[in-house]
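Engineer: Questions regarding the structure given below will be posed in turn.
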Amino acid sequence: MDLVRDVMDKKLVDRKDCEMGRVDGLVMHVGPSSQPRITHILVGGTTLWMRLGPVFSGISARLARLWGPKRTESVRIPWSRVKTVGRDIKLDVMARDTGAIDWEIWIAHHIIERIPGSGTEEEE
Amino acid sequence: MEINVELLIGRKVRDVDGEKVGRIEEFKVERDDKSLLLDSYLVGSSALIERLSAWTLVRPVARALHGRRFYSLYQVPWQDMDLSDPQHPRLRTSKRDLRHAK
Amino acid sequence: MRLERLLVFPILFCLGCKPPSPAEQMDSMLSWLATARMTGEGWLRHTTPDTYSRQTLEMSGEKIDQIAADLLRSPPSGVDTATLDSLFTRSRVRVNAMARLIAAKNAPDFGGQLDSLGADEKRVKQLADSIEHKQ
Amino acid sequence: MKKILQITLGIVTSVGGFLEIGSVTTAAQAGAAFGYQLLWAILLGTICLIFLVEMSGRLSAVSKHTIVAAMRERFGFPFFFIVLVGMTLVAFLVLIAELGGIGFSLQLLTGIGFPWWAIPVSLLVWLLMWKGTFGLIENGASLLGLVTISFVVAAIKLHPDWSGVAAGLAPTLPQSDKAHYGFIAVSIMGASISPYLMYFYSSGAIEDKWDESYVSVNRFIAGFGMTFGGFLSMAVLVVAAMAFQPRGVRVDSFDQSALLMTTALPRWGFYLFAISMLFACFGAALEVSLAIAYFFAQGFGWSWGEDLEPSKDARFAFVYTIIILLAAIPLVFGIDPLKVTIMSMALTAATLPLAIIPFLFLMNDPVYMSKHRNGWISNSVVAIIIVISFVLAVISIPLQIIGG
């Protein structure tokens with residue numbers, strides 16, 4: 001398998017096929033002499049902006065402090081939770097519990113649901 | 125030590141003598157039960173891409189052509205890559221000992 | 227990543243204004259005179275509604291005024307400035323009068339003004355041609 | 362039969378994305394200034410568009426990925442981000458122009474100035490996206506968009522010199538005013554090959570749940586839809602050439618373009634123009650706002666879909682809500698939509714390579730396309746379009762300066 005071609009930037013879906021972002025980054029564990037392993041998938045703005053450069057991540061961190069759910073770290077999902085790697089990457093988790101869709105929930109809660117006609121609250 | 129893979133993509137690699145080898149473009153991995161084991165790195169060297177800073181454009185072409193024509197691609201086994209400074213990856217061997225990726 | 231390079235485009239864009247030549251300005255003048263006349267004819271034939279016709283005539287009047295001011299600030303060589311000035315002033319007065327006549331629904335007087343505007347347009351056209359030939 | 366009914370996606374893409382304020386204005390300007398001479402630019406734009414739209418639909422049908430999703434996956438986040446910034450900027454300007462176009466059409470019909478319409482019109486566009494489904498937008502907009510056929514009726518009624526029209530389909534250079542000619546040609550191409558239109562179409566194919574069996578239907582829909590749009594644009598140009606050029610009227614403001622059909626259809630021309638513009642711009646406004654929201658949602662992996670209730674795709678709904686709100690503001694302050702239109706078209710041309718280059722790679726990707734990859738004809742066409750897009754990008758800014 002090729003990490004950049006087959007994993008990086010692919011869409012993540014949870015147990016119930018709920019979209020929970022993309023593979024924004026991957027954590028690799030490197031020991032002094034052991035074979036490196038990919039241990040976690042990273043999801044979140046912090047990781048994304050770092051890919052553009054430190055300037056962007058600085059700006060976005062400052063903005064995130066003013067507004068939105070208070071989350072500064074990217075979400076880490078252990079690789080062991082990966083069910084399949086295909087068109088999308090299916091994870092054996094519930095999106096809500098991981099924190100990957102904190103922003104979605106925050107915007108739904110603070111903005112969208114306050115506008116009439118936005119539909120029913122998402123069920124558990 | 126934990127390293128962010130996404131930040132390694134496109135990093136310039138030098139060999140043990142400090143000679144430029146190219147940029148890290150791809151990671152060959154194999155499945156284990158709980159994680160993925162890194163097998164080797166694909167490192168390409170092309171002055172053209174650097175000059176045009178067109179790596180986002182050329183990488184897929186290179187991948188399609190397997191780097192045979194204008195873009196040379198080395199396969200570096202994990203043992204040969206020294207990532208103790210993730211900003212400046214170095215090879216533990218010399219560029220001459222690398223083999224071209226097929 | 228050279229994101230800042232993208233900023234160059236909007237900046238270049240804002241700088242992208244250069245003063246038009248007298249010949250071009252005469253063309254714009256003619257275009258607005260023709261617009262006023264076409265609108266006027268449309269109103270007489272009941273093809274354009276009152277409000278639109280009045281607004282467009284008012285707009286044409288403003289544009290004629292504007293272009294005339296620009297043109298006379300740096301008048302084209304070989305043309306009598308006074309002639310141009312009086313011609314433009316006359317046209318503008320006519321266009322504005324037409325706008326008022328629409329409000330008064332006075333079609334006969336409107337028709338008269340429209341015909342004279344046509345004559346003015348011809349004069350401007352001749353002058354424009356002479357400018358273009360000289361250049 | 363059900364598949365053929367999907368032609369509405371082609372028509373709505375075409376009416377909303379092709380025949381909108383930008384192409385009507387540029388086509389009218391071209392006809393008024395150069396007669397039939399610039400018809401070739403519309404033809405060229407239409408041909409390019411047919412190919413690009415067909416590929417967008419094929420990519421979605423075969424890979425179940427929209428262009429944006431595939432672009433993020435293949436080219437990575439930094440490249441995606443650059444396209445995101447460029448595309449959002451351009452599409453935002455287009456949205457302002459379209460909302461302005463709706464307001465202007467209403468101004469023609471009611472006499473009430475367009476700044477007053479900015480808020481009600483934006484609210485209506487937003488409400489349709491908030492409560493409406495993709496099918497409603499698709500079918501409604503394409504049905505209403507059929508009014509624009511009146512441009513063709515007007516063109517035929519004026520009895521144009523058909524041999525002159527045919528001659529205009531071959532590119533030629535004018536005697537004078539070369540810079541202005543070039544500028545309009547670039548604007549026409551910019552107005553025709555709008556990237557947001559491809560993003561919309563490829564997302565529409567997903568919304569309509571296309572699969573591999575749609576590959577040939579898609580070919581027909583793209584071909585028919587874009588040809589339809591191209592014909593309408595050409596009709597606008599022909600009408601302008603007949604009605605405006607002999608009189609020396611140039612199109613420097615929307616008010617002038619309202620006179621377009623008064624010669625051909627004295628009784629209804631004025632109102633038909635206003636209504637055509639109203640519907641076309643309305644379709645385009647929906648299409649652009651959706652395209653922007655799609656772009657964000659697909660690129661970042663959020664849940665999206667026009668059929669979902671806003672609370673189910675909160676970030677998607679949030680993006681279009683904000684973008685429509687922001688677009689209304691400059692209009693309230695009376696910004697000239699025509700200036701925005703012209704600027705957006707030149708900017709589209711300038712950012713075109715960024716949008717088109719990914720096509721060449723994605724459409725040849727065996728993982729995505731399996732056996733439906735581009736053949737050599739399509740690949741040569743994309744290569745030519747990329748060359749054209751680079752030429753357009755390079756000359757659009759200098760031309761704006763000397764010819765605009």
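Chains as they are written, first to last, in the numbering used here: chain A, 1 to 124; chain B, 125 to 226; chain C, 227 to 361; chain D, 362 to 765.
Think of the CB as a built atom: it goes at the ideal place given N, C-alpha and C, for glycine as much as any other residue.
Using a C-beta to C-beta distance shorter than 7 angstroms, which residues of chain B count as neighbours of residue 50 (chain A)?
Structural biologist: As a working mapping, residue 50 (chain A) is identified with position 50 in the first sequence. For residue 50 (chain A), the neighbours in chain B by C-beta distance under 7 angstroms run, in chain order, 131.
Engineer: Output the distance between the C-alpha atoms of residue 647 (chain D) and residue 497 (chain D), rounded to the nearest integer angstrom.
Structural biologist: Residue numbering aside, residue 647 (chain D) sits at position 286 when the fourth sequence is read from its first letter. Residue numbering aside, residue 497 (chain D) sits at position 136 when the fourth sequence is read from its first letter. Roughly 11 angstroms between the two C-alpha positions.
Engineer: For residue 290 (chain C) and residue 609 (chain D), what's the separation of their Cα atoms in angstroms?
Structural biologist: By one-based count along the third sequence, residue 290 (chain C) stands at place 64. By one-based count along the fourth sequence, residue 609 (chain D) stands at place 248. Straight-line Cα distance between these residues: approximately 15 angstroms.
Engineer: Keeping to the same chain, check which residues put their C-beta closer than 6 angstroms to that of residue 455 (chain D); ignore five residues upstream and five downstream.
Structural biologist: What you label residue 455 (chain D) is simply residue 94 of the fourth sequence in a count that begins at 1. Hits under 6 angstroms: 649 and 705.
Engineer: Can we say the stretch 156-171 of chain B touches the stretch 74-85 of chain A, given the rule of at least three CB pairs closer than 8 angstroms?
Structural biologist: yes
Engineer: Pull out every residue of the stretch 378-409 of chain D whose Cβ sits closer than 9 angstroms to any Cβ of chain A, in chain order.
Structural biologist: Result list empty, no residue passes.
Engineer: Let me see if you follow: with CB-CB separation under 8 angstroms, is residue 164 (chain B) close to chain A or not?
Structural biologist: In the second sequence, the residue the question calls residue 164 (chain B) occupies position 40. Output row for residue 164 (chain B): interface = no.
Engineer: Distance check for residue 703 (chain D) and residue 505 (chain D), CA to CA, integer angstroms please.
Structural biologist: Sequence index remark: in the fourth sequence, residue 505 (chain D) carries index 144 (1-based). Sequence index remark: in the fourth sequence, residue 703 (chain D) carries index 342 (1-based). Approximately 25 angstroms between the Cα atoms of the pair.
Engineer: Which of the three DSSP states, helix, strand or coil, is assigned to residue 211 (chain B)?
Structural biologist: For this step, residue 211 (chain B) is matched to residue 87 along the second sequence. Reduced to three states, the DSSP call for residue 211 (chain B) is coil.
Engineer: So with Cβ pairs under 8 angstroms, would you call residue 88 (chain A) a contact of chain B?
Structural biologist: Taking the first sequence and counting its residues from 1, the one referred to as residue 88 (chain A) is at position 88. No, its Cβ sits nowhere closer than 8 angstroms to a Cβ of chain B.
Engineer: Consult DSSP for residue 702 (chain D) and reduce its assignment to one of helix, strand or coil.
Structural biologist: Position 341 of the fourth sequence holds residue 702 (chain D). Residue state, collapsed to three classes: helix.
Engineer: Once you ignore the five residues that flank residue 329 (chain C) on each side, which residues in its own chain have a CB closer than 7 angstroms to its CB?
Structural biologist: Stepping through the third sequence from its first residue, residue 329 (chain C) is reached at position 103. Listed in chain order, the non-local C-beta contacts of residue 329 (chain C) below 7 angstroms within the same chain comprise 280, local neighbours out to five positions each way being set aside.
Engineer: Helix, strand or coil: how does DSSP classify residue 396 (chain D) here?
Structural biologist: For the purposes of this step, residue 396 (chain D) is taken as the residue at position 35 of the fourth sequence. Helix.
Engineer: Excluding the 5 residues flanking residue 585 (chain D) on each side, which residues of the same chain have their C-beta closer than 7 angstroms to its C-beta?
Structural biologist: Numbered from its first residue, the fourth sequence carries residue 585 (chain D) at position 224. Once the five neighbours on either side are set aside, the close Cβ partners of residue 585 (chain D) are 368 and 371.
Engineer: With distances taken from CA atoms, which of D:412, D:402, D:574 and D:593 is nearest residue 559 (chain D)?
Structural biologist: Start at 1 with the first residue of the fourth sequence, and residue 559 (chain D) comes out as number 198. Answer by Cα proximity: D:412.
Engineer: Determine the DSSP secondary structure at residue 222 (chain B), reduced to helix, strand or coil.
Structural biologist: Locating residue 222 (chain B) in the second sequence gives position 98, where the first residue counts as 1. Reduced to three states, the DSSP call for residue 222 (chain B) is coil.
Engineer: Considering only residues of the same chain and omitting the five flanking positions on each side of residue 406 (chain D), which have a CB-CB separation below 7 angstroms?
Structural biologist: Translated into the one-based positions of the fourth sequence, residue 406 (chain D) becomes position 45. 549, 550, 553 and 554.
Engineer: Cα-Cα, which of D:508, D:388 and D:448 is closest to residue 637 (chain D)?
Structural biologist: Here residue 637 (chain D) refers to the residue found at position 276 of the fourth sequence. Comparing Cα positions, the closest option is D:508.
Engineer: Name, please, each residue of chain A whose Cβ falls closer than 7 angstroms to the Cβ of residue 161 (chain B).
Structural biologist: Locating residue 161 (chain B) in the second sequence gives position 37, counting from the first residue. Near residue 161 (chain B) (Cβ distances below 7 angstroms), the residues of chain A are 35 and 37.
Engineer: Counting only Cβ pairs nearer than 7 angstroms, list the residues of chain A close to residue 491 (chain D).
Structural biologist: Working through the fourth sequence from its first residue, we reach residue 491 (chain D) at position 130. Simply 117.
Engineer: Do the CB positions of residue 343 (chain C) and residue 270 (chain C) come within less than 8 angstroms of each other?
Structural biologist: Residue numbering aside, residue 343 (chain C) sits at position 117 when the third sequence is read from its first letter. Residue numbering aside, residue 270 (chain C) sits at position 44 when the third sequence is read from its first letter. Result no, Cβ atoms of residue 343 (chain C) and residue 270 (chain C) do not sit closer than 8 angstroms.
Engineer: Note down, in chain order, every chain A residue with its Cβ under 8 angstroms from the Cβ of residue 152 (chain B).
Structural biologist: Indexing the second sequence from 1 puts residue 152 (chain B) at position 28. Those within 8 angstroms of residue 152 (chain B) in chain A are 1, 2 and 3.
Engineer: Closer than 6 angstroms by C-beta to residue 282 (chain C): which residues in its own chain qualify, once you throw out the five before and the five after it? Chain order, please.
Structural biologist: Within the third sequence, the letter at position 56 stands for residue 282 (chain C). Shown here for residue 282 (chain C): same chain residues with a beta carbon closer than 6 angstroms to its own, the five before and five after excluded, namely 265 in chain order.
Engineer: With a threshold of 8 angstroms between beta carbons, is residue 285 (chain C) in contact with chain D?
Structural biologist: Residue 285 (chain C) sits at position 59 when you count from the first residue of the third sequence. By this cut-off, residue 285 (chain C) is an interface position.
Engineer: What three-state label does DSSP hand residue 537 (chain D) in the structure shown?
Structural biologist: Taking the fourth sequence and counting its residues from 1, the one referred to as residue 537 (chain D) is at position 176. Three-state result, residue 537 (chain D): coil.
Engineer: Measuring CB to CB, does residue 750 (chain D) end up less than 8 angstroms from residue 714 (chain D)?
Structural biologist: The sequence position of residue 750 (chain D) within the fourth sequence is 389, counting from 1. The sequence position of residue 714 (chain D) within the fourth sequence is 353, counting from 1. Yes, these two residues count as a Cβ contact at 8 angstroms.
Engineer: Using the DSSP secondary-structure output, state which residues sit across from residue 206 (chain B) in a beta bridge.
Structural biologist: Translated into the one-based positions of the second sequence, residue 206 (chain B) becomes position 82. DSSP, once it has assigned bridges, lists B:214 as partnering residue 206 (chain B).
Engineer: Hey, out of D:757, D:744 and D:696, whose CA is closest to residue 711 (chain D)'s CA?
Structural biologist: Locating residue 711 (chain D) in the fourth sequence gives position 350, counting from the first residue. If we check each option's Cα against that of residue 711 (chain D), D:757 comes out closest.
Engineer: Can you list the residues of chain D that residue 221 (chain C) reaches, using a CB-CB cut of under 7 angstroms?
Structural biologist: This structure leaves residue 221 (chain C) out entirely; chain C is present only between 227 and 361.
Engineer: Going by DSSP, what residues sit across from residue 28 (chain A) in a beta bridge?
Structural biologist: The sequence position of residue 28 (chain A) within the first sequence is 28, counting from 1. Answer by DSSP bridge pairing, in chain order: A:38 and B:127.
Engineer: Going by C-alpha distance, which of B:144, B:141 and B:203 is nearest residue 32 (chain A)?
Structural biologist: Locating residue 32 (chain A) in the first sequence gives position 32, counting from the first residue. With distances taken between Cα atoms, residue 32 (chain A) lies closest to B:203.
Engineer: Quick one: is residue 92 (chain A) buried, meaning 16 or more other Cβ sit within 10 Å of its Cβ, or exposed?
Structural biologist: Taking the first residue of the first sequence as position 1, residue 92 (chain A) is located at position 92. Counting Cβ neighbours within 10 Å, residue 92 (chain A) comes out exposed, since fewer than 16 surround it.
Engineer: Give every residue of the same chain whose Cβ lies closer than 6 angstroms to the Cβ of residue 643 (chain D), excluding the five residues on either side of it in the sequence, and list them in chain order.
Structural biologist: Against the fourth sequence, residue 643 (chain D) aligns to sequence position 282. Cβ within range, chain order: 463.
Engineer: Mind checking whether residue 163 (chain B) and residue 219 (chain B) have CB atoms under 8 angstroms apart?
Structural biologist: The sequence position of residue 163 (chain B) within the second sequence is 39, counting from 1. The sequence position of residue 219 (chain B) within the second sequence is 95, counting from 1. Not a contact, by the Cβ cut-off of 8 angstroms.
Engineer: Using a Cβ distance threshold of 8 angstroms, determine whether the stretch 516-526 of chain D contacts the stretch 670-679 of chain D, with at least three qualifying pairs required.
Structural biologist: No contact exists between the stretch 516-526 of chain D and the stretch 670-679 of chain D.
Engineer: Find the residues of chain C that neighbour residue 630 (chain D), judging by a C-beta separation of less than 7 angstroms, and give them in chain order.
Structural biologist: For the purposes of this step, residue 630 (chain D) is taken as the residue at position 269 of the fourth sequence. Residues of chain C passing the Cβ test: 273.
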